[in-house]
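Participant: What follows is a structure written as structure tokens; I'll ask about it next.
Number of protein chains: 2
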Amino acid sequence: MKTSEVAKRADLPISTLRYYEKIGLITEEYILREENNYRNYAPEIIPYLEVIKNSLAVGFSIHDIKSMISKQGISKEEQKRIITDKITEIEAAQKNLEASKQSLYELLEMNITCENGYGKY
Amino acid sequence: MKTSEVAKRADLPISTLRYYEKIGLITEEYILREENNYRNYAPEIIPYLEVIKNSLAVGFSIHDIKSMISKQGISKEEQKRIITDKITEIEAAQKNLEASKQSLYELLEMNITCENGYGKY
DNA sequence: TCTTGCTATGAAGTATACTTTATAGTTTAC
DNA sequence: GTAAACTATAAAGTATACTTCATAGCAAGA
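If you're matching them up, the sequences are chains A and B in order.
Heads up, the final residue of the first sequence is numbered 430 in the numbering used here, and it's a clean run with no missing numbers.
Heads up, the final residue of the second sequence is numbered 430 in the numbering used here, and it's a clean run with no missing numbers.
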């Protein structure tokens with residue numbers, strides 16, 4: 310698969326794909342080079358990129374993702390710890406979201422000019 | 310309340326407080342200046358900063374927060390639209406979080422070395 | 001063939017959200 | 001009364017995650 314096709318299917322700019330490769334987020338196992346030096350991506354790149362996109366959307370850093378992805382140098386305990394840490398973070402974020410949503414609903418229900426929630430600040 | 314106390318109570322660096330003020334996220338209604346030019350924060354700054362912290366933690370940008378906060382120049386309809394938009398965004402974010410959490414739980418439950426999720430990549 | 005378009009690279013630029021530095025005035029504790 | 005601690009400012013620096021630019025090689029259709 311050529312770069313442009315990956316870009317289209319993963320809905321990512323080509324520049325981002327090359328950036329991910331440069332920083333080692335896309336490892337060489339996903340990329341062969343043709344004789345003309347063009348990249349030839351393995352089909353598995355697509356679900357892989359989905360994992361990355363979802364992880365980023367949810368607040369993981371590229372560093373986090375690389376940690377979770379690279380199997381070298383970390384024990385299963387380490388991996389497990391990273392994952393449970395992230396679940397804890399997500400649960401905190403969920404609580405925050407719920408609280409924010411609640412504030413916003415209250416703000417909608419009362420008059421917007423009242424002295425509460427975002428209305429005041 | 311002086312800067313250092315606000316910093317302590319809101320658990321934010323002093324530099325961040327001054328930065329927020331500089332970019333207009335903390336408006337002047339929360340800050341008086343003493344004769345020595347020291348800031349004197351209103352007590353309401355604390356819950357206000359909590360709102361900001363939660364919003365940031367949940368993925369809102371400073372720009373977003375400023376939009377929600379500023380009352381000048383926008384009609385109530387505009388404000389209402391912004392708020393309902395934000396609620397929609399929050400609900401999308403909640404779905405994402407739930408999906409991610411689910412993935413992570415699955416990852417924990419199966420063996421980490423299996424050919425799924427982060428285990429493979 | 002030749003022009004348009006795709007691919008490549010390295011380096012520089014951008015946006016966001018801060019932090020650090022340099023410098024200087026103010027207050028407090030001993 | 002003086003040193004340590006706190007406050008202030010402007011400007012520069014940092015980290016993350018990309019994007020854009022300049023340049024150039026390859027490819028495919030008219």
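Glycine residues also receive a C-beta, built at the ideal position from the N, C-alpha and C atoms.
Could you tell me the alpha carbon to alpha carbon distance between E353(B) and I340(B), rounded to whole angstroms?
Facilitator: For E353(B) and I340(B), the distance between alpha carbons rounds to 10 Å.
Participant: Which ranges does the alpha helix (DSSP H) cover as unbroken runs of at least 4 residues, wholly within the stretch 335-400 of chain A, from first to last along the chain?
Facilitator: 354-366, 371-378
Participant: Between the stretch 393-412 of chain B and chain A, which residues of the former have a C-beta closer than 9 Å to a C-beta of the latter?
Facilitator: T393, K395, I396, I399, E400, A402, Q403, N405, L406, E407, A408, S409, K410, S412
Participant: Can you list the residues of chain B that Y414(A) reaches, using a CB-CB cut of under 8 Å?
Facilitator: Simply I396.
Participant: Indicate whether at least one CB of chain B lies closer than 8 Å to the CB of A433(A).
Facilitator: Here chain A covers residues 310 to 430 and nothing more, so residue 433(A) does not appear.
Participant: Whose Cβ in chain A lies nearer than 7 Å to the Cβ of N363(B)?
Facilitator: Those are N405, A408, S409, listed as they occur along chain A.
Participant: Express the C-alpha separation of E330(B) and Q381(A) in angstroms, rounding to a whole number.
Facilitator: Annotation note: pLDDT 49 at Q381(A) (below 50); position unreliable, coordinate value reported separately. Taking the straight line from one Cα to the other gives about 44 Å.
Participant: Let me know if Y350(B) comes out buried or exposed under the rule of 16 or more other beta-carbons within 10 Å of its beta-carbon.
Facilitator: It is buried - the Cβ of Y350(B) has at least 16 other Cβ atoms within 10 Å.
Participant: Does chain B have any CB closer than 8 Å to the CB of A319(A)?
Facilitator: no
Participant: Determine, for G368(A), whether the minimum Cβ-Cβ distance to residues of chain B falls below 8 Å.
Facilitator: yes
Participant: Could you give the DSSP three-state label for I332(B): helix, strand or coil?
Facilitator: If DSSP states are grouped into helix, strand and coil, I332(B) belongs with coil.
Participant: For Y414(A), which of M310(B), K317(B), L406(B), T393(B) has the nearest alpha-carbon?
Facilitator: T393(B)
Participant: For E398(A), tell me which candidate among L406(B), I371(B), K389(B) has the shortest Cα-Cα distance.
Facilitator: L406(B)
Participant: Relative to the alpha-carbon of I323(A), which residue among E343(A), E338(A), Y347(A) has its alpha-carbon at the smallest distance?
Facilitator: Y347(A)
Participant: Could you check which residue in I355(B), A402(B), R342(B) has the C-alpha nearest to that of K410(A)?
Facilitator: A402(B)
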